[in-house]
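*Asks:*
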Amino acid sequence: MVDDDEDHLFMLRTVIGDWGHSVGTATSGKGALRLASGRKYSLILMDMRMDGDKDGLETLAALKGGDGPNRNTPVVIMTAYSLVEDAVNAIKGGADDYLIKPLDLEVVRHAIDKILSRPAVGEEKAPGAPGRPALVGESRPFLEMMELVARVAPTEATVLVTGESGAGKEMVARLIQGLSGRRSKPYVTINCAALAETLLESTLFGHRRGAFTGAEADRPGVLRSADGGTVFLDEVAETSNGFQVKLLRTLQEGEIQPLGSDRTEKVDVRFIAATNRDLKAEVEAGRFRGDLFHRLNVIPVHVPPLRERPEDIVPLARHFAGEYARKNNRPVRGLDEGALEAVRRHSWPGNIRELQNAMERAVILARGEYVTESDMQLRLVQYGPSPQEAEPGPAGGPRSLADSERQAVREAIVRHSGNKTRAAEELGVTRKTLAAKIRKYGL
Ligand SMILES: Nc1ncnc2c1ncn2[C@@H]1O[C@H](COP(=O)(O)OP(=O)(O)OP(=O)(O)O)[C@@H](O)[C@H]1O
Ligand SMILES: [Mg+2]
Numbered sequence: 009m010v011d012d013d014e015d016h017l018f019m020l021r022t023v024i025g026d027w028g029h030s031v032g033t034a035t036s037g038k039g040a041l042r043l044a045s046g047r048k049y050s051l052i053l054m055d056m057r058m059d060g061d062k063d064g065l066e067t068l069a070a071l072k073g074g075d076g077p078n079r080n081t082p083v084v085i086m087t088a089y090s091l092v093e094d095a096v097n098a099i100k101g102g103a104d105d106y107l108i109k110p111l112d113l114e115v116v117r118h119a120i121d122k123i124l125s126r127p128a129v130g131e132e133k134a135p136g137a138p139g140r141p142a143l144v145g146e147s148r149p150f151l152e153m154m155e156l157v158a159r160v161a162p163t164e165a166t167v168l169v170t171g172e173s174g175a176g177k178e179m180v181a182r183l184i185q186g187l188s189g190r191r192s193k194p195y196v197t198i199n200c201a202a203l204a205e206t207l208l209e210s211t212l213f214g215h216r217r218g219a220f221t222g223a224e225a226d227r228p229g230v231l232r233s234a235d236g237g238t239v240f241l242d243e244v245a246e247t248s249n250g251f252q253v254k255l256l257r258t259l260q261e262g263e264i265q266p267l268g269s270d271r272t273e274k275v276d277v278r279f280i281a282a283t284n285r286d287l288k289a290e291v292e293a294g295r296f297r298g299d300l301f302h303r304l305n306v307i308p309v310h311v312p313p314l315r316e317r318p319e320d321i322v323p324l325a326r327h328f329a330g331e332y333a334r335k336n337n338r339p340v341r342g343l344d345e346g347a348l349e350a351v352r353r354h355s356w357p358g359n360i361r362e363l364q365n366a367m368e369r370a371v372i373l374a375r376g377e378y379v380t381e382s383d384m385q386l387r388l389v390q391y392g393p394s395p396q397e398a399e400p401g402p403a404g405g406p407r408s409l410a411d412s413e414r415q416a417v418r419e420a421i422v423r424h425s426g427n428k429t430r431a432a433e434e435l436g437v438t439r440k441t442l443a444a445k446i447r448k449y450g451l
């Protein structure tokens with residue numbers, strides 16, 4: 009067990025020791041590596057953010073990358089709610105699971121039991137299953153959504169993902185699956201709008217031979233073949249009443265009835281649904297069943313449109329510029345000031361997809377190492393208010409230095425759950441300076 013908070017470490021060692029495990033402890037990444045080089049452990053439980061020499065991520069990399077006796081030992085990371093990116097990074101870096109601090113001991117116990125009861129290392133699938141997407145974003149609304157995602161992902165709850173077109177609903181759904189206990193099980197996406205009613209039903213529930221014209225043989229549906237896994241129902245608002253009745257039954261009873269069959273079968277599937285409509289309004293208008301809405305909406309996750317999280321625009325633009333430069337083999341290193349200004353000003357009605365497409369085009373058009381405003385071609389498609397009309401403030405034109413500083417301070421504090429020492433460290437200032445800024449901005 010590795011944690012630089014000695015009280016926390018002591019408490020955990022006592023509790024986990026009581027469960028019958030023998031526990032070695034270290035209070036730093038370096039100490040952990042020293043311990044790990046000496047003997048093989050069956051599980052490493054490690055804090056992500058540690059003061060001093062090495063943090064959790066580096067230690068994880070050193071463990072997994074080395075040739076020590078613990079390079080295949082499962083690692084479970086502990087991290088704070090507000091630091092879900094850490095959890096995501098840890099999983100990408102080869103961690104097997106993560107626990108959210110403050111720890112719920114039942115959850116800890118369950119995670120430990122689950123890992124220790126797995127078959128011997130070597131037979132299992134490589135950790136960090138492919139396909140878990142890396143979401144870019146640092147705005148407050150985005151991080152809040154990610155916190156919710158991290159909290160609901162490991163549960164069995166049905167999740168309804170809402171948001172405008174291109175906002176990232178499908179990506180969020182994949183992340184939920186990727187962070188869930190079902191991550192190594194099937195994940196099937198069904199676009200409800202793309203399939204006619206009978207086809208949609210038979211795709212999901214399966215059919216018996218002769219159930220309808222063209223049904224020449226029995227076919228298992230997705231819900232049977234994805235048993236134990238997750239099914240993503242995209243554009244769920246575009247379904248018929250008849251289909252909604254059947255789906256409701258599956259959600260309620262965990263049963264399916266293949267078309268043309270008089271028998272029901274049990275299935276074990278977790279559902280994630282998405283829509284870009286206001287489903288509640290659809291219910292009120294009589295276009296969507298209220299009972300199904302309530303069943304789907306157990307945990308609503310709203311993906312905010314890009315214009316409500318302008319702080320994400322630049323990081324996303326840089327991310328896509330890098331991605332498309334690599335993909336298209338272009339020597340582009342980023343965006344120049346003019347291009348950055350232009351992407352900040354644009355209102356992105358098509359959300360992240362529009363930004364992604366714009367960056368792809370710009371990278372391909374760019375003549376130099378940096379994408380310029382003219383490469384962006386955004387003036388031709390100015391949807392938002394022009395900069396002169398725009399309200400000053402975060403969403404509008406350039407922000408003052410004080411605004412930026414205030415926000416940086418606030419976000420660092422939030423990220424570190426109010427721990428000023430760590431927030432100061434991240435910002436590269438002393439604790440005293442940070443305290444002065446907090447007073448100055450009345451945070
Ligand atoms: N946070 C993010 N970081 C990086 N890329 C993202 C992020 N969110 C979305 N994307 C990318 O933006 C594009 C649009 O996202 P996605 O397909 O998830 O949107 P959607 O809400 O499902 O849209 P629609 O309603 O049109 O189906 C995708 O290519 C996706 O990879
Ligand atoms: Mg989608």
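For what it's worth, my numbering labels the leading residue of the sequence shown as 9, then goes sequentially.
We put the CB at the ideal spot given by N, CA and C, even for glycine.
Taking all protein chains shown into account, decide if T170 is buried (16 or more other Cβ within 10 angstroms of its Cβ) or exposed.
*Replies:* Working through the sequence shown from its first residue, we reach residue 170 at position 162. Counting Cβ neighbours within 10 Å, T170 comes out buried, since at least 16 surround it.
*Asks:* Which first and last residues belong to the beta strand (DSSP E) in which T197 is found?
*Replies:* Walking along the sequence shown from the start, residue 197 turns up at place 189. 195 to 199 is the span of the beta strand (DSSP E), which, as asked, contains T197.
*Asks:* Between D242 and V277, is the Cβ-Cβ spacing less than 9 Å?
*Replies:* As a first step, residue 242 must be located in the sequence shown, where it is residue number 234. As a first step, residue 277 must be located in the sequence shown, where it is residue number 269. Contact: no.
*Asks:* To the nearest angstrom, how far is it from the Cα of G346 to the Cα of T380?
*Replies:* Indexing the sequence shown from 1 puts residue 346 at position 338. Indexing the sequence shown from 1 puts residue 380 at position 372. Distance between the alpha carbons of G346 and T380 is about 6 Å.
*Asks:* Thinking C-beta only, is L53 closer than 9 Å to V96?
*Replies:* Here residue 96 refers to the residue found at position 88 of the sequence shown. Here residue 53 refers to the residue found at position 45 of the sequence shown. In this structure, L53 does not lie closer than 9 Å to V96 by Cβ.
*Asks:* According to the Cβ coordinates, are I280 and V167 closer than 9 Å?
*Replies:* The residue you call residue 280 lines up with position 272 of the sequence shown. The residue you call residue 167 lines up with position 159 of the sequence shown. Cβ atoms of I280 and V167: closer than 9 Å.
*Asks:* Among T272, A420, K288, L348, which has the Cα closest to the Cα of K254?
*Replies:* Counting from one through the sequence shown, the residue named residue 254 turns up at place 246. Looking at the Cα atoms, T272 is the closest of the given residues.
*Asks:* Can you tell me where the alpha helix (DSSP H) with R106 in it begins and where it stops?
*Replies:* Counted from its first residue, the sequence shown places residue 106 at position 98. First, the residue type needs correcting, since residue 106 is Tyr and not Arg in the sequence shown. Looking at the DSSP string, Y106 is not in any alpha helix (DSSP H); the run it does join, the beta strand (DSSP E), is 105 to 109.
*Asks:* Measure the C-alpha to C-alpha separation of E146 and F328 and round it to an integer number of angstroms.
*Replies:* Within the sequence shown, numbered from 1, the residue matching residue 146 stands at position 138. Within the sequence shown, numbered from 1, the residue matching residue 328 stands at position 320. Going by C-alpha positions, E146 is about 15 Å away from F328.
*Asks:* Leaving aside the five residues before and after G25 along the sequence, list all residues of the same chain whose C-beta is less than 6 Å from its C-beta, in chain order.
*Replies:* Locating residue 25 in the sequence shown gives position 17, where the first residue counts as 1. The answer, listed in chain order, is V31.
*Asks:* What number of angstroms, rounded off, separates the C-alpha of R47 from the C-alpha of I108?
*Replies:* Counting from 1 along the sequence shown, the entry for residue 47 is found at position 39. Counting from 1 along the sequence shown, the entry for residue 108 is found at position 100. Cα-Cα distance, rounded: 27 Å.
*Asks:* Please output, in chain order, the residues near ligand 2 using a CB cut-off of less than 6 Å to any non-hydrogen atom of the ligand.
*Replies:* K177, E178, D242
*Asks:* Relative to the C-alpha of L304, which residue among E377, G102, L259, D112 is closest?
*Replies:* Your numbering for residue 304 matches position 296 in the sequence shown. Nearest C-alpha to L304: L259.
*Asks:* So, under 8 Å CB-CB, L343 and Y378 are touching, yes? Tell me the CB distance rounded to an integer number of Å.
*Replies:* By one-based count along the sequence shown, residue 343 stands at place 335. By one-based count along the sequence shown, residue 378 stands at place 370. Confirmed, Cβ separation roughly 6 Å.
*Asks:* Could you check if G174 belongs to the surroundings of ligand 1, using beta carbon to heavy atom distance under 8 Å?
*Replies:* Counted from its first residue, the sequence shown places residue 174 at position 166. Yes - ligand 1 has a heavy atom lying nearer than 8 Å to the Cβ of G174.
*Asks:* In the DSSP output, what is H215 paired with across the bridge?
*Replies:* Here residue 215 corresponds to residue number 207 of the sequence shown, with the count starting at 1. Answer is R227, L267.
*Asks:* Could you tell me whether the Cβ atoms of G250 and E290 are closer together than 9 Å?
*Replies:* Taking the first residue of the sequence shown as position 1, residue 250 is located at position 242. Taking the first residue of the sequence shown as position 1, residue 290 is located at position 282. No. Outside cutoff.
*Asks:* Report the three-state DSSP secondary structure of L348 (helix, strand or coil).
*Replies:* Mapped onto the sequence shown, residue 348 falls at position 340. L348 sits in a helix when the DSSP states are folded into three classes.
*Asks:* Which residue's Cα is closest to the Cα of K122: S50, G426, G218, T238?
*Replies:* Position 114 of the sequence shown, counting from 1, holds the residue named residue 122. It is S50 whose Cα lies nearest to the Cα of K122.
*Asks:* Using the Cα positions of V322 and L300, report the straight-line distance between them to the nearest angstrom.
*Replies:* Mapped onto the sequence shown, residue 322 falls at position 314. Mapped onto the sequence shown, residue 300 falls at position 292. The straight-line gap from Cα to Cα measures roughly 39 Å.
*Asks:* If distances are taken between C-alpha atoms only, which option among S248, F18, A103 comes closest to A70?
*Replies:* Taking the sequence shown and counting its residues from 1, the one referred to as residue 70 is at position 62. Of S248, F18, A103, the residue nearest in Cα terms is A103.
*Asks:* If we count the other Cβ atoms within 10 Å of its Cβ and call it buried at 16 or more, is G436 buried or exposed?
*Replies:* Taking the first residue of the sequence shown as 1, we reach residue 436 at position 428. Per the 10 Å Cβ criterion, exposed.
*Asks:* Is A432 buried or exposed, if buried means 16 or more other CB atoms sit within 10 Å of its CB?
*Replies:* Numbered from its first residue, the sequence shown carries residue 432 at position 424. Buried is the call here.
*Asks:* Please work out which residues of its chain come closer than 8 Å, Cβ to Cβ, to P339, disregarding the five sequence neighbours upstream and downstream, and give them in chain order.
*Replies:* If you number the sequence shown from 1, residue 339 lands on position 331. Contacts found: A333, E377.
*Asks:* What are the boundary residues of the beta strand (DSSP E) that includes M86?
*Replies:* Numbered from its first residue, the sequence shown carries residue 86 at position 78. Looking at the DSSP string, the run of the beta strand (DSSP E) that includes M86 is 83 to 88.
*Asks:* Could you work out which residue in G262, H29, A34 is closest to R117 when comparing CA atoms only?
*Replies:* Here the question's residue 117 lines up with position 109 in the sequence shown. Nearest of G262, H29, A34 to R117, Cα basis: H29.
*Asks:* Does the segment 170 to 182 touch the segment 306 to 321, meaning 3 or more C-beta pairs lie closer than 8 Å?
*Replies:* Touching, yes.
*Asks:* Tell me which residue opens and which closes the beta strand (DSSP E) that D11 is part of.
*Replies:* The residue you call residue 11 lines up with position 3 of the sequence shown. Unbroken run through D11: none, as it is neither H nor E.
*Asks:* Give the straight-line distance between the Cα atoms of F18 and I446, rounded to the nearest whole angstrom.
*Replies:* To locate residue 18, count along the sequence shown from 1; it is residue 10. To locate residue 446, count along the sequence shown from 1; it is residue 438. Taking the straight line joining both Cα atoms gives about 33 Å.
*Asks:* How about T166: is its C-beta nearer than 9 Å to some C-beta of chain B?
*Replies:* Going by chain labels, chain B is absent from the structure shown, which holds only one protein chain.
*Asks:* Taking all protein chains shown into account, decide if F220 is buried (16 or more other Cβ within 10 angstroms of its Cβ) or exposed.
*Replies:* On the sequence shown, position 212 is the one that residue 220 refers to. It counts as exposed.
*Asks:* Run through DSSP, which three-state label would A204 get?
*Replies:* Position 196 of the sequence shown, counted from the first residue, corresponds to residue 204. Of the three classes helix, strand and coil, the one that applies to A204 here is coil, per DSSP.
*Asks:* Which one or two residues does DSSP pair with A282 in a beta bridge?
*Replies:* As a first step, residue 282 is located in the sequence shown; it is residue number 274 there, counting from the start. BP columns for A282 point to V169.
*Asks:* Exposed or buried, which one is P318 when buried takes at least 16 other CB atoms within 10 Å?
*Replies:* Here residue 318 is taken as the residue at index 310 of the sequence shown, counted from 1. P318 comes out buried.
*Asks:* Tell me whether H327 counts as near ligand 1, meaning its Cβ is closer than 8 Å to at least one heavy atom of that ligand.
*Replies:* Within the sequence shown, the letter at position 319 stands for residue 327. For ligand 1, at least one heavy atom lies less than 8 Å from the Cβ of H327.
*Asks:* Can you find the residues in the same chain that come closer than 8 Å, C-beta to C-beta, to A223, ignoring five residues on each side of it along the sequence?
*Replies:* Within the sequence shown, the letter at position 215 stands for residue 223. Here the set comprises S210, H215, R216, R217, L267, G268.
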